[in-house]
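A.B. asks: To start, I am sharing the structure in question, which I have written as structure tokens.
Protein chains: 2
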Amino acid sequence: MNIKQIVLASRPKGIPQITNFRSEQIELPAIKTGEVLLKPIYFSVDPYMRGRMNDSKSYVQAFKLDQPIEGSALATVVESMSDLFQPGDIVLGMLLWRESIVASDKILQKVDATQQPLSYYLSVLGMTGITAYIGLMHICKPLAGETVVISGAGGAVGIVAGQIAKIQGCRVVGITGSEEKLRLIVGKYGFDEGINYKTTSYMNKAIDTICTDGVDVYFDNVGGQISDAVISNLNVQARVAICGQISLYNSTEIPMGPRIQQTLLTNNVMMQGFIVGNYKSEFPEAIQHLTQWVKEGKLDFTETIYEGFDQLPIAFIGLFAGENIGKMIVKV
Amino acid sequence: MNIKQIVLASRPKGIPQITNFRSEQIELPAIKTGEVLLKPIYFSVDPYMRGRMNDSKSYVQAFKLDQPIEGSALATVVESMSDLFQPGDIVLGMLLWRESIVASDKILQKVDATQQPLSYYLSVLGMTGITAYIGLMHICKPLAGETVVISGAGGAVGIVAGQIAKIQGCRVVGITGSEEKLRLIVGKYGFDEGINYKTTSYMNKAIDTICTDGVDVYFDNVGGQISDAVISNLNVQARVAICGQISLYNSTEIPMGPRIQQTLLTNNVMMQGFIVGNYKSEFPEAIQHLTQWVKEGKLDFTETIYEGFDQLPIAFIGLFAGENIGKMIVKV
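Just so you know, the sequences run in chain order A and B. Under my numbering, the first residue of the first sequence carries the number 1, and numbering increases by one thereafter. Under my numbering, the first residue of the second sequence carries the number 1, and numbering increases by one thereafter.
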């Protein structure tokens, strides 16, 4: 079978460009015992994938040049030479960017497509939701009445983290980069306040003004100057979860900024960087709560869905321009 | 009674100068009910006191201009109008820099002067030791076999933290600023390795070379470029305790440096700033272990003792030139 795949043509310098990707035709290998043939339904594109495009040591292996990109995806089983899956099953896994995929049954997980919108397994009930849950509940441990600030608040993880903080009885302030996202987080998701950093000249002062009792918890998705402003407003005993640093992922030089350790010291602040894969033992608890909150209508979600296999690189690049509201997904 | 006191004459800009202090004669007030008259024995001078000399909000109140400096000290009770203390008792408390002191009995604590050298209550069995214990054992939680790096290793807290890490079975690397301190930590205190940052051109590479298995725990007393070098060698799941940032206390501008959050994120690192006063519930455990280790001969200590009341400002200023080995104390 002749199919299309998208490979990493060159390693991005700074912001990824469409020329860093290449679409090509390949002959799909036949499936063997223990494998299935999959037709992808949804691909997830995520900021962390930018790190894999560099040729450097990280917590996930670097993508290889001229090899297909790989990402989280949902797919339908078309043919099976595995005892674990039947044609028609819907599965979740780390899949190659191909129009059809031959995959080992070991990397796949069956999902129940009857309960929630299918794409939720890539978003609020998937890694996105789990990341928000663990960062907030296991790292930041917010108490009712505390002030929680979330950067990248209109992004996939941000909107979940903010809603969970509201469920905990916190005052939640979201920082985001457009009026549309601001309306969404405050209007739809119940954040108490929002700040559009693109139209705010003095972030430090804006946070100070809005967070009248200071900042107890900071869930950071973006880093850089936005974080500088939040950190300078932290309360004594504040907790900071570093979930992402998207504003810096495309830096071509070592990013410089004000040193933060003295602020952490003086205020007895705990800061934890976290990669959700290191918290697997907490996944069942996270999934249980997320599923329950979705069912109860306490946790809602927004997705930005691009259509067409060829849109994969465009959707990915769009993450760094903030073009997604909520989770960026490509339907193929 | 006419006595001498040392007041803050002006707020230091950058490194404290002798002109920031003033010695003056005052008439000591008579003691009242609930008070004692004290003759100080030892004054502790500590880096954190630099912060109190600035006119800014912090975890401890700023010193007032033209008022005596205050610091941790041991003293003999000379007269008592308190039921709690008798003449001859030795007490510990936050005392004014005066040759004789009238103090409320509420701020004093009696110490047993028969067991250990008296000055140990200002050092290894006092806040210094407790700080090292809590930062290492409650924040960093080192495991046997892990690599622990300590900056300011020849300073008061550093030499205790290093010995505790050795007691835990860790490989301990100390960073310090003189060959004399290097010999002390490796020769006397059993650190596995030491680095003299003043004679090392590439700290990053030096740490990489010495810490062949990376850095699992970083106990930071100094901050700045030394910390940059250690942080870039942190392992996955490393823990960093920020105990002090002495290299930055005299900064006249906001110190800038490489942003560290992405390193914390990628390596799932926990960083905790801590002020020991926020961990009072752990003090009894800390004191119990420290006392036991001292008695067993597992925990030794070095003090730099300046003699004479007038030496107080000189000893304090000396902290920022690294003139102390171990704890800086003034005997009066």
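Glycine included, every Cβ here is placed at the ideal spot set by N, Cα and C. Since this is a predicted model, take the numbers as computed values, not measurements.
According to DSSP, which residues form a beta bridge with Asp220/A?
C.D. replies: Ile242/A
A.B. asks: So, for Ser80/A: in the same chain, excluding its five sequence neighbours on each side, which residues have a beta-carbon less than 7 Å away from its beta-carbon?
C.D. replies: Val36, Gln86, Pro87
A.B. asks: Output needed for Ile31/A: all residues of its chain with C-beta closer than 7 Å, excluding positions within five of it in sequence on either side, in chain order.
C.D. replies: Leu37, Glu79, Met81, Val102
A.B. asks: Out of Gly51/B, Thr212/B, Ile134/B, point me to the one whose CA is closest to Leu248/B's CA.
C.D. replies: Nearest in C-alpha terms to Leu248/B, of all of Gly51/B, Thr212/B, Ile134/B, is Gly51/B.
A.B. asks: Distance cutoff 8 Å, beta carbons only. Does Ile207/B sit that close to anything in chain D?
C.D. replies: Among the chains of the structure shown, chain D does not appear; the protein chains present are A and B.
A.B. asks: Return the residues of the segment 8–32 of chain A that lie within a Cβ-Cβ distance of less than 7 Å from chain B, sorted by chain order.
C.D. replies: none
A.B. asks: Express the C-alpha separation of Gln225/B and Ile69/B in angstroms, rounding to a whole number.
C.D. replies: 31 Å
A.B. asks: What are the residues in the segment 251–278 of chain A lying within 8 Å of chain B by C-beta distance?
C.D. replies: Ile254, Pro255, Met256, Gly257, Pro258, Arg259, Ile260, Gln261, Gln262, Thr263, Leu264, Leu265, Thr266, Asn267, Asn268, Val269, Met270, Met271, Gln272, Gly273, Phe274, Ile275, Asn278
A.B. asks: Using a Cβ cut-off of 7 Å, pull out every chain A residue sitting near Gln245/B, in sequence order please.
C.D. replies: The contacting residues are Gln261, Gln262, Leu265.
A.B. asks: What is the residue span of the beta strand (DSSP E) that Phe43/B lies within?
C.D. replies: 35–44
A.B. asks: Please decide whether Leu414/A counts as near chain B, where near means a Cβ-Cβ distance under 8 Å.
C.D. replies: A question about residue 414/A goes unanswered here, because the residues of chain A that appear run from 1 up to 332.
A.B. asks: I need the straight-line Cα distance from Gly24/B to Ser100/B, nearest angstrom please.
C.D. replies: Looking at the sequence shown, residue 24/B is not Gly but Glu. Near 13 Å, if we compare the C-alpha coordinates of Ser100/B and Glu24/B.
A.B. asks: Please report the residue range of the alpha helix (DSSP H) in which Gln292/A lies.
C.D. replies: 283–295
A.B. asks: Can you confirm whether the segment 321–328 of chain B touches the segment 295–302 of chain B when touching is taken to mean that 3 or more C-beta pairs between the two stretches lie within less than 8 Å?
C.D. replies: yes
A.B. asks: According to the neighbour-count rule (16 or more other Cβ atoms, all chains shown, within 10 Å of its Cβ), is Asp46/B buried or exposed?
C.D. replies: buried
A.B. asks: Are there 16 or more other CB atoms within 10 angstroms of the CB of Ser119/A, so buried, or fewer, so exposed?
C.D. replies: buried
A.B. asks: Would Asn221/A be called buried (16 or more neighbouring beta carbons within 10 Å of its own) or exposed?
C.D. replies: buried
A.B. asks: Looking only at C-alpha atoms, which of Thr252/B, Val91/B, Ala206/B, Gln61/B sits nearest to Ser104/B?
C.D. replies: Val91/B
A.B. asks: Assign Tyr202/B to buried or exposed, taking buried as 16 or more other Cβ atoms, counted over all protein chains shown, within 10 Å of its Cβ.
C.D. replies: exposed
A.B. asks: CA-CA distance, Lys181/B and Met127/A?
C.D. replies: 49 Å
A.B. asks: What is the DSSP secondary structure of Pro258/B, reduced to helix, strand or coil?
C.D. replies: strand
A.B. asks: Residues of the segment 300–332 of chain B in Cβ contact with chain A at a cutoff of 8 Å, in chain order, please.
C.D. replies: none
A.B. asks: Which residues bound the alpha helix (DSSP H) around Leu248/B?
C.D. replies: Looking at the DSSP string, Leu248/B is not in any alpha helix (DSSP H), and its letter there is neither H nor E.
A.B. asks: Taking beta-carbon pairs under 8 Å, can you tell me which members of the segment 207–229 of chain B lie near chain A?
C.D. replies: Asp220, Gly223, Gly224, Ser227
A.B. asks: Beta-carbon of Ile242/A versus every beta-carbon of chain B: anything under 8 Å?
C.D. replies: Ile242/A has a beta carbon lying within less than 8 Å of a beta carbon in chain B.
A.B. asks: Is there at least one Cβ from chain A nearer than 8 Å to Leu335/B's Cβ?
C.D. replies: Shown here, chain B extends from 1 to 332; a query on residue 335/B therefore has no answer.
A.B. asks: Where does Gly187/B land, buried or exposed, given buried means 16+ other C-beta within 10 angstroms?
C.D. replies: So Gly187/B ends up on the exposed side.
A.B. asks: Would you mind stating whether Val217/B and Val230/B have Cβ atoms separated by less than 8 Å?
C.D. replies: No, these two residues do not count as a Cβ contact at 8 Å.
A.B. asks: Does Asp89/B pass the burial test, meaning 16 or more other C-beta atoms within 10 Å, or should it be called exposed?
C.D. replies: buried
A.B. asks: Note down, one range per segment and in chain order, each beta strand (DSSP E) of at least 3 residues found wholly within the segment 86–164 of chain B.
C.D. replies: 90–96, 101–104, 108–110, 147–151
A.B. asks: Do the CB positions of Leu184/B and Leu122/B come within less than 8 Å of each other?
C.D. replies: no
A.B. asks: Beta carbon of Gln261/A, beta carbon of Gly71/B: below 8 Å?
C.D. replies: no
A.B. asks: Check whether the Cβ atoms of Val236/B and Asn268/B sit closer than 8 Å, and answer yes or no.
C.D. replies: Closer than 8 Å, so yes.
A.B. asks: Does Glu193/A pass the burial test, meaning 16 or more other C-beta atoms within 10 Å, or should it be called exposed?
C.D. replies: buried
A.B. asks: Within 10 Å of its beta-carbon, does Ala144/B have 16 or more other beta-carbons around it, so buried, or fewer, so exposed?
C.D. replies: exposed
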